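Asker: One structure follows; several queries about it will come next.
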Amino acid sequence: MHLKTLTLRGFKSFASATTLHLEPGITCVVGPNGSGKSNVVDALSWVMGEQGAKTLRGGNMADVIFAGTSSRPPLGRAEVSLTIDNADGALPIEYSEVTISRTLFRNGGSEYAINGSSCRLLDIQDLLSDSGLGREMHVIVGQGRLDSVLSASPEERRGFIEEAAGVLKHRKRKEKALRKLEAMAANLARVSDLSTEIR
Ligand code: ATP
Numbered sequence: 001m002h003l004k005t006l007t008l009r010g011f012k013s014f015a016s017a018t019t020l021h022l023e024p025g026i027t028c029v030v031g032p033n034g035s036g037k038s039n040v041v042d043a044l045s046w047v048m049g050e051q052g053a054k055t056l057r058g059g060n061m062a063d064v065i066f067a068g069t070s071s072r073p074p075l076g077r078a079e080v081s082l083t084i085d086n087a088d089g090a091l092p093i094e095y096s097e098v099t100i101s102r103t104l105f106r107n108g109g110s111e112y113a114i115n116g117s118s119c120r121l122l123d124i125q126d127l128l129s130d131s132g133l134g135r136e137m138h139v140i141v142g143q144g145r146l147d148s149v150l151s152a153s154p155e156e157r158r159g160f161i162e163e164a165a166g167v168l169k170h171r172k173r174k175e176k177a178l179r180k181l182e183a184m185a186a187n188l189a190r191v192s193d194l195s196t197e198i199r
């Protein structure tokens, strides 16, 4: 599996549609300060489901939409598409190439798609989680993050290792299942109360 192309349109400083072609191996993005290198990385985390505006270096999510310049008006939407080569079947989907897309409108609406078909954010997160990609996976190490890893507490370090070992995904599923069980127990208690009242 490798990332093939990343297309940004209206995302941060990328007002016009811009496609980056990523070949297998190492890709370097070089450019002067403030030219948008980190915005490319932000686009990558965003399309993979990042929900935290701060992680994307903004105050709120609408900050990812091109805000305009002296020569160009602001845009109403940000769109990012990521095409992943899935010839090795690393993603649990029957396509040798998978394109995930995310769109955010200035009025707050969002759209997600997998290979052009509308889907939920959860579908994208589920698709990517087994591959080690996706939200909360530390596959993207931002500026200053190495320092925070080095100075992390033993518990936090354990979290990183669990994530790398693929334990995190199961821990999250377990937490979700426990929440459902709790809700179910509350429902059962309610049913039991009602049946006592009826009797
Ligand atoms: P450095 O090398 O200093 O880390 P960089 O190449 O990583 O810089 P970025 O941080 O990716 O640069 O880009 C910063 C630029 O993106 C700034 O000029 C900023 O004005 C612009 N920018 C960020 N968000 C938006 C937005 N929503 N609309 C328009 N421009 C934006």
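UniProt numbering puts the first residue of the sequence shown at 1, with every later residue one more than the last. Even for Gly, the Cβ is constructed at its ideal location relative to N, Cα and C. From a predicted model like this one, the values you see are computed outputs, not experimental measurements.
Counting by C-beta, which residues lie closer than 5 Å to a heavy atom of the ligand ATP, in chain order?
Answerer: Those satisfying the condition are, in chain order, 12, 13, 33, 34, 35, 36, 37, 38, 39, 66, 67.
Asker: For residue 179, would you say it is in contact with chain D, using Cβ-to-Cβ distances shorter than 7 Å as the test?
Answerer: Of the protein chains in this structure there is only one, and it is not chain D.
Asker: Quick one: measure Cβ to Cβ for residue 86 and residue 96, integer angstroms, because I've assumed they're closer than 8 Å.
Answerer: Between residue 96 and residue 86 the Cβ distance is about 6 Å, and since that is below 8 Å, they are a contact.
Asker: Go through the stretch 117–152 residue by residue and report every complete run of the beta strand (DSSP E) that reaches 3 residues or more, in order.
Answerer: Counting whole runs of 3 or more residues, the stretch 117–152 contains the beta strand (DSSP E) stretches 117–119.
Asker: For a test of the three-state rule: what should DSSP assign to residue 199, helix, strand or coil?
Answerer: Three-state DSSP puts residue 199 in coil, outside helix and strand.
Asker: Report yes or no: do three or more beta-carbon pairs, one from the stretch 2–10 and one from the stretch 32–48, lie closer than 8 Å?
Answerer: Counting Cβ pairs under 8 Å, three or more are found: they touch.
Asker: For residue 160, count the other beta carbons within 10 Å of its own beta carbon; 16 or more makes it buried, fewer makes it exposed. Which is it?
Answerer: Classification for residue 160: exposed.
Asker: Report the three-state DSSP secondary structure of residue 45 (helix, strand or coil).
Answerer: It is helical.
Asker: Suppose contacts are defined by Cβ-Cβ distances below 7 Å. Is residue 56 in contact with residue 64 by that definition?
Answerer: Yes, Cβ-Cβ distance for residue 56 and residue 64 is below 7 Å.
Asker: Does residue 33 pass the burial test, meaning 16 or more other C-beta atoms within 10 Å, or should it be called exposed?
Answerer: Exposed is the call here.
Asker: According to DSSP, residue 173 sits in a beta bridge with which residue or residues?
Answerer: Paired residues: none, contrary to the question.
Asker: Helix, strand or coil for residue 100? Go by DSSP, reduced to three states.
Answerer: Strand.
Asker: Since residue 39 contacts residue 66 with CB under 8 Å, what's their CB separation in whole angstroms?
Answerer: Rounded, the Cβ-Cβ distance is 10 Å, inconsistent with contact.
Asker: By Cβ distance, which residues of its chain are closer than 6 Å to residue 99, with the 5 residues on each side in sequence left out?
Answerer: The residues are 81, 83, 115.
Asker: Which first and last residues belong to the beta strand (DSSP E) in which residue 161 is found?
Answerer: Unbroken run through residue 161 is the alpha helix (DSSP H), 154–164; no beta strand (DSSP E).
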